[in-house]
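Under the numbering used here, think of the first position of the sequence shown as -14, with each following residue one higher.
For glycine and all other residues, C-beta sits at the position ideal for the given N, C-alpha and C.
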Amino acid sequence: MRARVPASAANLGPGFATLAVALDRYVEVEIEPAGKLLVRAEGEGAGLSDDASHLAARVAIDVAGTERLAITVRSQVPVARGLGSSAALAVAAAAAAGAKDPLAVAAQTDGHADNAAASTVGGLVAAARVHGRVHAVRMPLDISLAFVAIIPDVVLSTARARQVLPVEVSRDSAAFNLSRMALLLAGLADCRVLVPEATEDRLHQDYRSPLFPAAPKLLASMSQAGALAVCWSGAGPTLLGICRSTETPSVEAAATVALADAGIPGEVAVLHPDMHGLVVDRDGTGAVLDVDVFEPLS
C-alpha cells in the first residue's frame, strides 16, 4: 500500500496552532508485508534511523500491530524546517499501514493537529481538538495565491521553538491576534483584500526571532519585492511570502539575493497550495480519500 501527502505551513502569522495550508512538496510511504522490519528512506531525511525508532516505523507498527513490514519513505520535505515533515510522514505512514483515521493517528503521534489536518485534507485548513478529537475544516483559498519559501539550511527543532514561548499572554495580545486572524482569512479567500497587517502576530513569531536573527530582514526583503504578506512557516526557520502568482518571480529573486547576502545556506522555492491532501494508492490507480470516510486498507 502506498500513500502520499503534501507538506504544510502552519500558523501563518496569527493562526497559531490553528491554521495551516498544504503545499506541493510531498512525502510518500509504501508499506508491504515482510519477514522482518525493513526501513528504507530516500530524499529528505534519508540519514535518519532505519530501525523501529523511525517515525514511519513507529506509526506503522502501532497501526498494523506487527513489525513484519517493509517500509519505504520518499520525501521532498526537509526535516525540522517548519514545513510539517513529521506530520506529513505520520499521516502517510498511518494511511499506508491501514489506519481508518490517519489524521487522528498522526495528530496523536506527532502532536501537530494543524499540520496533520492540512496534509490530510489539503488546501487551507482550520484545525481544533474538540472533546479529544481533531476537527479539520477546509477554508476558502484564492487559487491565484502562491507561497515563496525561504528554506534555510538551518535546523530548528519544534521543541526548542516551543521553549521560548511565554506560558501566558495578555488579553490585548490575544485580541490582537484574533483581529489579524479575521483579516488573514478574508485575504486568503480573496487576495484583493489581503493586507500586510494580516500576518502580524503577538503570540509566537517575535519570541522565536532570536532563534533565527536573520528572519526580520529576510521577511522584509519579500515584502519590499511585492509579497502581499509575510510570515514564519510553522516554528521556522522557513519563511513565507504570500504572493499573487504573477509576483512570484520578483519576490523569489529578492529572497534569493537576501539569503545570499545574509550568508545563510539554503534555498528559495515557489510553492503552490495542494488541494488534494492524502492520496492512497490501493491498486495502482491512486484513490483520493475524504478525511471523514476512511476505510481499512487491504
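Item checked: Cβ separation of residue 207 and residue 178, assumed to be a contact under 8 Å, to the nearest whole Å -> With a beta-carbon spacing of about 19 Å, residue 207 and residue 178 fall beyond the 8 Å limit used to define contacts.
Next item on the list: Write down the C-beta distance between residue 132 and residue -6 rounded to the nearest angstrom, noting that I regard them as a contact closer than 8 Å.
Entry: A Cβ-Cβ separation of about 7 Å places residue 132 in contact with residue -6 under the 8 Å criterion.
Notebook entry, point to check: Helix, strand or coil: how does DSSP classify residue 221 here?
Noted result: Residue 221 falls in the coil class under three-state DSSP.
Checklist line | Presumed contact (8 Å Cβ cut-off) between residue 210 and residue 239, rounded CB distance | finding: With a Cβ gap of about 3 Å, residue 210 and residue 239 count as contacting.
Next item on the list: With distances taken Cα to Cα, identify the nearest neighbour of residue 234 among 253, 259, 64 and 220.
Entry: Of the listed residues, the one whose Cα sits closest to residue 234 is 253.
Check: Expressed to the nearest angstrom, what Euclidean distance is found between the alpha-carbon atoms of residue 280 and residue 87?
Finding: Low per-residue confidence applies at residue 280: pLDDT is 34, beneath 50, and the placement is therefore not dependable enough to give any value.
Item checked: N-terminal and C-terminal residue of the beta strand (DSSP E) that residue 232 is part of -> Per DSSP, residue 232 is not a residue of any beta strand (DSSP E), being assigned neither H nor E.
Check: Can you tell which of 84, 221 and 57 has the C-alpha that lies nearest to the C-alpha of residue 35?
Finding: By alpha-carbon distance to residue 35, the top candidate from 84, 221 and 57 is 57.
Check: Cα separation between residue 21 and residue 81?
Finding: Those two C-alpha atoms are separated by around 17 Å.
Notebook entry, point to check: Can the beta-carbon of residue 3 be found closer than 8 Å to that of residue 127?
Noted result: Their beta carbons are not under 8 Å apart, which means residue 3 does not touch residue 127 by this criterion.
Checklist line | residue 193 - DSSP class collapsed to helix/strand/coil | finding: The answer is helix: DSSP assigns residue 193 an H, G or I state.
Margin query: For residue 283 and residue 214, what's the separation of their Cα atoms in angstroms?
Written below: Its pLDDT being 31, under 50, residue 283 is placed unreliably in this model, and the value from its coordinates should be taken loosely. Rounded to whole angstroms, residue 283 to residue 214 spans 44 Å at the Cα level.
Notebook entry, point to check: To the nearest angstrom, how far is it from the Cα of residue 203 to the Cα of residue 45?
Noted result: Our two residues, residue 203 and residue 45, have alpha carbons roughly 39 Å apart in a direct line.
Check: Does DSSP classify residue 170 as helix, strand or coil?
Finding: Residue 170 falls in the helix class under three-state DSSP.
Check: Start and end of the beta strand (DSSP E) containing residue 143?
Finding: Where residue 143 is concerned, there is no enclosing beta strand (DSSP E), although the alpha helix (DSSP H) it sits in stretches over 143 to 148.
Next item on the list: Would you mind working out which of 244, 262, 193 and -3 sits nearest residue 173, comparing C-alpha positions?
Entry: Relative to the Cα of residue 173, the nearest Cα in the group 244, 262, 193 and -3 belongs to -3.
Notebook entry, point to check: In its own chain, which residues sit with a C-beta less than 7 Å from the C-beta of residue 48, not counting the 5 before and 5 after it?
Noted result: Non-local beta-carbon contacts of residue 48 in its own chain, meaning distances under 7 Å to residues more than five positions away in sequence, involve 79, 82, 83, 84 and 90 in chain order.
Notebook entry, point to check: Given residue 175, which residues of its chain have a CB within under 6 Å of its CB, disregarding the five upstream and five downstream residues?
Noted result: If we look at residue 175 and ignore the five residues flanking it on each side, its Cβ neighbours are 127.
Check: Ordered along the chain, which non-local residues of its own chain (more than five positions away) have a Cβ less than 6 Å from that of residue 266?
Finding: Excluding sequence neighbours, residue 266 sits near -13.
Check: Are the region 136 to 153 and the region 51 to 69 touching, with three or more C-beta to C-beta distances below 8 Å?
Finding: The region 136 to 153, when compared against the region 51 to 69, does touch it at the 8 Å Cβ threshold.
Checklist line | Given residue 76 as reference, the closest of 169, -9 and 113 once Cα atoms are compared | finding: -9 is the residue among 169, -9 and 113 whose C-alpha sits nearest the C-alpha of residue 76.
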